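Asks:
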Amino acid sequence: MSHAYVLVEHTDGALDEVTAELITAARAFGAVSAVVVGAPGTAAPLAEALAAAGADQIVAAEGADVGERLVLPAVDALSILASSNPAPVLVPSSPAGDEIAARLAVRLGSGVLCDVVGVNADRTAQQSIFGDTISVTAAVGGECPIYAVRAGAVDAESRPGAGELVTLELPGAGEKDVRVTGFTPAERGERPALAQAKIVVAGGRGVGSAEGFTDIVEPLADAFGGAVGATRDAIDHDWYGGQYQIGQTGVSVAPDLYIGLGISGAIQHKAGMQTSKTIVVVNNDEDAPLFEIADLGVVGDLFSIAPALTEEIKRRRQG
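For what it's worth, full-length UniProt numbering labels the leading residue of the sequence shown as 1, then goes sequentially.
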């Protein structure tokens, strides 16, 4: 039976949203084996949610030292599985995911496609390239083609699977392993992660200051239950944290709704957000390039429009 492997992303005992998206995409190839890499006992609490998302098989790839190692445990797990029973492999497109994909391609002797936005049953994939200005269909060789799929590019569709739980004992660390000697987790707020958010409100140079983000951008994002993003200009001015930069050298987003406040629309920023399903732009410059790809453009003062929109969203949600 045709099948595919999916690398499960999980945080603090819960599935990341991208996992359901990967499982949905992998159904194009047949049955889905969801591979959970972690310390002993990691997979069992995730089994019910994975089965509900559509996993036909859940592979508990666990080892006592996984938490002290970087990247290679996932590479080990996927290469062991795909070597014995070849099939396509899907991983999330991220700094870690892209490295896992590359290392896995070398081990398996198969090609890899990064920044994928869709896969097909014939093992081809859609990619959005050259700063998301061109869409192409690509294919690579090998028995186990590897796809690094962009978060938010595939709409997750829950379709319950059998969820059969099997175990895979991982090999221990080797001489080439990078070991973690200390770890301080990043503080995670109540907003959704930027790369996976369904609604993103982004601010640019037109926001004017750090206070513009706290007083204008953040309240609107919170009214929608969305994430906050920023342009390179805003980051360079120290108005917002660098981890929230959207663009070619930052985070790529593809939310259901993107709202850009005071953003002119440099190509580097557009490259990271123009696959958003609905784009709304507010800017007092009617010639701003971001209007060219907007579904709705508002020429006006964001300092009046955004707070009014925030209050209207709050009113409708309370009503």
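Backbone N, C-alpha and C define an ideal beta-carbon position, used for all residues, glycine too. In this text the structure is predicted, and so the values were computed from the model without any measurement.
(1) If you draw a straight line from the alpha carbon of Val228 to that of Ile263, how long is it in whole angstroms?
(2) Check whether the Cβ atoms of Gly66 and Gly97 lie closer than 9 Å to each other.
(3) Can Ala271 and Gln248 be called in contact, C-beta distance under 9 Å?
(4) Which same chain residues end up closer than 8 Å to Glu164 when comparing Cβ atoms and leaving out the 5 residues on each side of it in sequence?
(5) Note down, in chain order, each residue of its chain lying with its Cβ closer than 6 Å to the Cβ of Thr167, except the 5 sequence neighbours on either side.
(6) For Asp301 and Leu261, I'd like the C-alpha separation in whole angstroms.
(7) Please classify Ala230 as buried or exposed, where buried requires at least 16 other C-beta atoms within 10 Å of its C-beta.
(8) If you draw a straight line from the alpha carbon of Val71 to that of Ala151, how long is it in whole angstroms?
(9) What separation, rounded to the nearest whole angstrom, lies between the Cα atoms of His3 and Asn85?
(10) Can you check whether the CB of Thr124 is closer than 9 Å to the CB of Ala102?
(11) So, is Ser33 buried or exposed, given that buried needs 16 or more other C-beta atoms within 10 angstroms?
(12) My output table needs one value for Pro73: the three-state DSSP class, helix, strand or coil.
(13) Do Arg179 and Glu68 count as a contact pair if the criterion is CB distance below 9 Å?
(14) Determine the direct distance from the alpha carbon of Phe291 to that of Phe183, and round the result to whole angstroms.
(15) Assuming Pro219 is part of the alpha helix (DSSP H), what are its boundary residues?
(16) What are the start and end residues of the alpha helix (DSSP H) that includes Val18?
(17) Within a Cβ cutoff of 6 Å, which residues of the same chain sit near Ile199, ignoring the five residues on either side of it in sequence?
(18) Output the boundary residues of the beta strand (DSSP E) element that contains His3.
(19) What residue from Thr181, Ala26, Arg191 and Val299 has the CA that sits closest to Pro145's CA?
(20) Three-state secondary structure (DSSP) at Gly67?
(21) What are the start and end residues of each continuous beta strand (DSSP E) run of 3 or more residues lying completely inside the stretch 125–151, in chain order?
(22) So who's on the other strand from residue 325, going by DSSP bridges?
(23) Around the Cβ of Gln318, are there at least 16 other Cβ atoms within 10 angstroms (buried) or fewer (exposed)?
Replies: Once the coordinates are examined:
(1) 13 Å
(2) Checking the sequence shown, residue 66 turns out to be Val, not Gly. In this structure, Gly97 does not lie closer than 9 Å to Val66 by Cβ.
(3) yes
(4) Asp56, Gln57 and Ile58
(5) Ala60
(6) 10 Å
(7) buried
(8) 19 Å
(9) 10 Å
(10) no
(11) buried
(12) helix
(13) yes
(14) 43 Å
(15) Glu218 to Phe224
(16) Glu17 to Ala26
(17) Phe224, Gly226, Pro255 and Leu257
(18) His3 to Leu7
(19) Ala26
(20) helix
(21) 125–129, 134–138 and 146–149
(22) It is not possible to answer for residue 325, since the shown part of the chain is limited to 1 through 319.
(23) exposed
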